[in-house]
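Working notes for the structure below.
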Amino acid sequence: VPPWMGGRVDYRRINPMVAFHNEIVSFCRLMEPKPKEMKTREELTASFTALAKSVFPDCKVEVFGSQATGLCLPTSDIDIAIQLNEKEEQTINGDDNKTEKKINDMENWNEPTGSPLQLLAGALREHWLDDLSYLEVIEKTRIPLVKFTHAPTNISIDVCFNQTSGVQAAALMRQYMQAIPPFRPLTFVLKKFMASRGLNQPYTGGVGSFLLQMMMLAFLQHRERDAFNNQRPSIYNLGALLVEFFEFYTTDFNFILTGISVRFDGFFFPKGASDRRKNFWQPQRPFSVAMENPLDPTFDVGSASFRIDLVQRSFDVAFKVLLCHVSEPLIPATSILATILTPSEEMWER
């Protein structure tokens, strides 16, 4: 019996889809950060904010990502954006418009001048060295960042500069979660599903948290439109929706031809259309997810996810496995969710 069931209910005695729904609810309750864990995260964020302000006195430190949306797992990173004002940027970069100095290795972290990435990494190395188990400056990415792990709490923090889109996206996700109740628990399960398969990091070609949320949201919008158009009642069974999500992105959706937008209650568009081709069609990767960023309709959120074929394959396997346990002829299972999500040591400890 997996830890989220706790042996309280024998789900084999009730309808399998109802049992699956209850399992998802129980799983979310188990894996949500407890008040003590959230307090630890908030205290770590406050300590880092103080450090950042010691380096950039007039900066604004904002939390975004899963911690801001309430979708964080106990092991989730904390995403932070530092907003510098114009005066601080001029002080750091100089007024002569010279190319900003870049950091390539740890030796450069002690340099007195440099980019905001350099200055922050140097401050961390100077003041938090004993509390760090990992520190890296990642520059060769669309959004350069400083990534470090706080050893006492084992929480990782990703820091970027002058990026407001993440904060805006978190606010947008909170609105969607209030409007569409199944959105949060289903995304919560999917995040763990992707992480357990190593498919959750965009810089390794996987599906990042924001893209995964967009995919779930687009599916739920499509499901609601379909129910309305065919005069069917809306489904709020989480088990049924998760099965249909996997089916939709393996059987129904055409990744080669179709792009996705969640604006205006959601719609699909041809990737090859004259007004879309430039931003959403990748000839070298025709199977890529063309996902419009609702905050910037010209930007493709899925452009970096070059391992989408593995993601789709994992969805296909999950769909077929789940189908065996929720439809006739049934294959009995103590836990339906555990057939696609193996309990980890972290889960048992909770």
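Residues -1 to 348 (my numbering) are what the sequence shown spells out, left to right.
Idealized CB from N, CA, C, for every residue including glycine.
Where residue i sits in the DSSP three-state scheme
i	result
aspartate 56	coil
phenylalanine 146	strand
proline 295	strand
valine 157	strand
serine 301	coil
serine 333	coil
leucine 380	Residue 380 falls outside the range modelled here, since the chain spans only -1 to 348, and no answer is possible.
valine 61	strand
valine 165	helix
leucine 69	coil
leucine 339	coil
leucine 170	helix
threonine 47	helix
lysine 32	coil
threonine 151	coil
leucine 42	helix
methionine 175	helix
Heavy atom of the ligand SAH within 8 Å of residue i beta-carbon
i	result
serine 301	Annotation note on the ligand SAH: not contained in the displayed structure, which lists no ligands.
Whole-angstrom C-beta distance between residue j and residue i, which should lie under 8 Å
i	j	result
phenylalanine 186	methionine 29	7 Å
glutamate 290	serine 259	4 Å
methionine 212	leucine 188	Their Cβ separation, rounded to whole angstroms, is 12 Å, which puts methionine 212 and leucine 188 out of contact at 8 Å.
serine 303	glycine 203	6 Å
threonine 162	serine 154	Wrong, their Cβ atoms sit about 22 Å apart, outside the cutoff.
leucine 49	alanine 121	6 Å
alanine 253	isoleucine 306	Checking the sequence shown, residue 253 turns out to be phenylalanine, not alanine. Phenylalanine 253 to isoleucine 306, Cβ: 7 Å. Contact.
glutamate 35	proline 72	6 Å
glycine 264	alanine 216	6 Å
Cutoff 9 Å: residue i Cβ touching any chain B Cβ
i	result
proline 33	The structure shown has no chain B; it contains just one protein chain.
Unbroken alpha helix (DSSP H) run spanning residue i, endpoints
i	result
aspartate 314	306 to 324
isoleucine 22	14 to 29
glutamine 81	Run containing glutamine 81: none in the alpha helix (DSSP H); it sits in the beta strand (DSSP E), 76 to 81.
leucine 349	Here the chain has residues from -1 to 348 only, and residue 349 is not among them.
methionine 345	343 to 347
methionine 192	181 to 194
Contacts around residue i, its chain only, beta-carbon distance under 6 Å, and the 5 residues preceding and following it disregarded
i	result
aspartate 93	Residue confidence is low: aspartate 93 scores 45 on pLDDT, short of 50, so the model does not pin down where it sits. No coordinate-derived value is stated.
alanine 168	Phe62, Ala66 and Thr67
glutamate 60	Ala79 and Val165
asparagine 102	With a pLDDT of only 37 at asparagine 102, under 50, the local geometry of the prediction cannot be trusted, and the value read off the model is given with reservation. Cβ neighbours of asparagine 102 beyond the five flanking positions: none.
Residues of its chain near residue i, where Cβ-Cβ distance is below 7 Å and the 5 sequence neighbours each way are ignored
i	result
proline 1	Leu28, Pro341, Met345, Trp346 and Arg348
alanine 331	His323 and Thr337
leucine 218	Ile178, Pro180 and Phe181
lysine 390	Residue 390 cannot be examined here, being either before or after the span of the chain that is shown, -1 to 348.
threonine 139	Tyr201
aspartate 314	Thr248
glutamate 245	Phe317
isoleucine 136	Pro142, Leu143 and Lys145
arginine 195	Ser312
valine 205	Met192, Leu197, Asn198, Ser303 and Val309
Host beta strand (DSSP E) of residue i (start-end)
i	result
glutamate 392	This structure does not reach residue 392, given that the chain is present from -1 up to 348, and the question cannot be answered.
Residues of its chain near residue i, where Cβ-Cβ distance is below 8 Å and the 5 sequence neighbours each way are ignored
i	result
leucine 170	Pro292 and Leu293
proline 268	Leu255, Thr256, Gly257 and Arg274
leucine 209	Pro200, Val287, Met289, Val299, Gly300 and Ser303
isoleucine 22	Pro183, Leu184, Val187, Leu236, Gly237, Leu240 and Leu335
arginine 261	Glu290, Pro292 and Pro295
aspartate 129	His148, Ala149 and Pro150
serine 207	Gly63, Ser64, Leu69, Lys189 and Asn198
glutamate 105	Model confidence at glutamate 105 stands at a pLDDT of 39, short of 50, so the residue's coordinates are unreliable and nothing is read from them.
Entirely within the region 198 to 253 and at least 4 residues each: give me those alpha helix (DSSP H) ranges in chain order.
-> 207 to 227 and 236 to 245
Length-filtered (3 minimum) beta strand (DSSP E) runs lying within the region 251 to 293 = 256 to 259, 265 to 268 and 288 to 291
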